[in-house]
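First the structure, in the form of structure tokens, and then the observations on it.
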Amino acid sequence: MRLSPLLTDLYELTMLAGYLEEGMADKPAVFDLYFRTNPFAGGYAVFAGLEPALDCLEQLRFTDKEIGYLAGLGLFKPRFLDFLRAFRFRGTVEAPPEGTVVFANDPLLTVSGALAEVQLVETLLLNLINFQTLVATKAARVCSAAGDAEVIEFGLRRAQGPDGGLSASRAACVGGARGTSNVLAGMTFGLPVRGTHAHSWVQSFPDELTAFRAYAEVFPDSSVLLVDTYDTLKSGVPNAIIVAGELNQRGHRLRGIRLDSGDLAYLSREARRMLDEAGFADVRILASNELDELVIDSVRDEGGRVDIYGVGTKLATAAGTGGVALGGVYKLVAIDGRPKMKITSDLAKATLPGRKRVLRAVKPDGGYVQDVVCLVDDAVAAGATVYDPVNPLQHTTLPDDVRLVDLRRMVMAEGRRTLEPEPLARMAERCREDLERLPQGCRRFVNPHRYKVSISAHLNDLRSALIQETRARRQPS
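Take the sequence shown: its letters are residues -16 to 460, numbered as in our numbering.
Take a look at the structure:
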């Protein structure tokens, strides 16, 4: 799907026009995209949105209509508009694979190329990566809470508009959801589509049993019956059991029942008992109704017997503590071969200068220890001293038995992909594998352990030198 290059903030275009006038448009530049705080007050994030971002970069073109609109604003000179007509992204992108578990201060994308090119794509990349990473992280938390039960994304009707709904369905499956109710997402991304029926179906018939029979007649091998329109245990489940028996007599079977209100732990336990006693142990129980990881965790803790969780609003909108948005930023770290950094009174918001690598320290058993951000020519090894990026006075030594693995790879060179797109199922598998390698404390929903992201000694020295240099220039002569 083509995204217009006008899906950007105005200042990206005004800066481009300025760079062109100043003769700076072709200067080589490097930007890092990262976030400063893990979402949901949690211990990790799940990287997502890369494939749509690479699609966007490959297809980025200004149409005559878009150029005409910009001309009508009265802001830009003809020379700049001609520049946009010929615009192509020819830069390089380094990134981890989607589904990788990442952390605050890990550079996710490093984008390098001509200053004009890498500046223009800032807003597009942040829009694509921030939202999908946020939703993928929420999905991973929900799936973790669900344990062996399946999670299906049900959030289209509450999503942030049509594109938000499509992006949320994709990202949820990167984070571990097994399917979606969103039919367009199913077609676009090759996802399994799942669903039941609404209360209005039941209300449209003279009684509940007639409604269930009619639905089962149309879909004899895929019916999941919504059992809470009138009374879940006195009416809905008994009528579903009648229909299950009638289906069996015809050589079919009822796939499941859905609970959409009430005490889900209690109702699912009782429904499971009733179904089992009637001989329908294979009929699955699906639960919905404003679910998130905390509600699901509570249902399981109270002995709930749910096989599938349909998670809608709070997944598609990434609702929850710290879940309003992922605070991803896109910062210049080098220009014309010189490292650059933003320096503020708050060191947590200062940037890390220079072109960098992200290394992950891995124990012999495959468990993750910590990440190390270093300069590209650093020779970081086990036993090295590494520093806290926010408090340089704090440092630690990497264990002697770890191996250091590059977290990222080149995914685009000269504006073209370097790797074939991966299936979403592989991304979801990577997410599951990464989460299993994290320390258990990092996966807690409440007060999680902080996974360390450190910087190398050389990067720490470079940052200190640039800070001192900047302060010296500010001193009155």
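Quick reminder that beta carbons are idealized off the backbone N, C-alpha and C, glycines included.
Suppose contacts are defined by Cβ-Cβ distances below 8 angstroms. Is residue i in contact with residue j by that definition?
i: residue 225; j: residue 266; result: no
i: residue 440; j: residue 370; result: yes
i: residue 195; j: residue 293; result: no
i: residue 191; j: residue 218; result: yes
i: residue 106; j: residue -8; result: yes
i: residue 17; j: residue 307; result: no
i: residue 72; j: residue 40; result: yes
i: residue 391; j: residue 78; result: yes
i: residue 157; j: residue 407; result: yes
i: residue 87; j: residue 21; result: yes
i: residue 410; j: residue 1; result: no
i: residue 165; j: residue 139; result: yes
i: residue 431; j: residue 26; result: yes
i: residue 125; j: residue 279; result: yes
i: residue 12; j: residue 326; result: no
i: residue 394; j: residue 29; result: no
i: residue 400; j: residue 37; result: yes
i: residue 335; j: residue 356; result: yes
i: residue 64; j: residue 53; result: yes
i: residue 142; j: residue 151; result: yes
i: residue 282; j: residue 248; result: yes
i: residue 237; j: residue 216; result: no
i: residue 296; j: residue 273; result: yes
By the three-class DSSP mapping on this structure, what secondary structure does residue i have?
i: residue 106; result: helix
i: residue 339; result: strand
i: residue 428; result: coil
i: residue 141; result: helix
i: residue 378; result: strand
i: residue 439; result: strand
i: residue 354; result: strand
i: residue -13; result: coil
i: residue 95; result: strand
i: residue 456; result: helix
i: residue 446; result: helix
i: residue -6; result: helix
i: residue 344; result: strand
i: residue 116; result: helix
i: residue 421; result: coil
i: residue 405; result: coil
i: residue 397; result: coil
i: residue 198; result: helix
i: residue 62; result: helix
i: residue 388; result: strand
i: residue 81; result: coil
i: residue 101; result: helix
i: residue 125; result: helix
i: residue 52; result: helix
When you compare each of the options to residue i by their alpha carbons, which one comes out closest?
i: residue 416; options: 159, 134 and 394; result: 159
i: residue 74; options: 403, 394 and 96; result: 96
i: residue 340; options: 434, 426, 24 and 89; result: 89
i: residue 419; options: 430, 186 and 349; result: 349
i: residue -12; options: 271, 454, 103 and 327; result: 103
i: residue 229; options: 262, 214, 256 and 248; result: 262
i: residue 114; options: 434, 318 and 300; result: 300
i: residue 343; options: 55, 164 and 385; result: 385
i: residue 316; options: 309, 173, 455 and 93; result: 93
i: residue 338; options: 442, 187 and 305; result: 442
i: residue 405; options: 399, 199 and 413; result: 413
i: residue 116; options: 145, 153, 133 and 237; result: 153
i: residue 379; options: 387, 388, 368 and 389; result: 368
i: residue 146; options: 43, 44 and -15; result: -15
i: residue 119; options: 354, 149 and 334; result: 149
i: residue 99; options: 5, 55, 51 and 38; result: 5
i: residue 345; options: 365, 360, 357 and 334; result: 365
i: residue 288; options: 304, 270 and 298; result: 270
i: residue 396; options: -10, 45 and 101; result: 101
i: residue 162; options: 286, 59, 298 and 200; result: 298
i: residue 362; options: 352, 347 and 388; result: 388
i: residue 352; options: 112, 423, 176 and 305; result: 423
i: residue 332; options: 320, 321 and 314; result: 314
Less than 8 angstroms between CB atoms is the rule here; does residue i satisfy it with respect to chain B?
i: residue 401; result: Protein chain content of the structure displayed is limited to a single chain, and chain B is not contained in it.
Considering only residues of the segment 205 to 255, which uninterrupted alpha helix (DSSP H) runs meet the minimum length of 4 residues and lie entirely inside it, listed in chain order?
Listed in chain order, they are 220 to 232.
Using 8 angstroms as the threshold, is the segment 199 to 215 in touch with the segment 241 to 260, meaning 3 or more CB pairs across them?
Yes, since at least three Cβ pairs between the segment 199 to 215 and the segment 241 to 260 fall closer than 8 angstroms, the two stretches touch.
To test your reading of the DSSP string, which unbroken alpha helix (DSSP H) runs of 4 or more residues are found completely within the segment 267 to 329?
The segment 267 to 329 contains these whole alpha helix (DSSP H) runs: 276 to 284 and 296 to 299.
Report the start-end ranges of each alpha helix (DSSP H) in the segment -4 to 50 that is 4 residues or longer and not cut off at the edges.
As far as the segment -4 to 50 is concerned, its whole alpha helix (DSSP H) runs of at least 4 residues are 33 to 42.
Please determine if the segment 425 to 440 and the segment 179 to 187 are in contact, where contact requires at least 3 C-beta pairs separated by less than 8 angstroms.
Output reads no: the segment 179 to 187 does not touch the segment 425 to 440.
Contained alpha helix (DSSP H) runs [length at least 4] in the segment 144 to 195, N- to C-terminal order
Listed in chain order, they are 144 to 157, 166 to 172 and 182 to 186.
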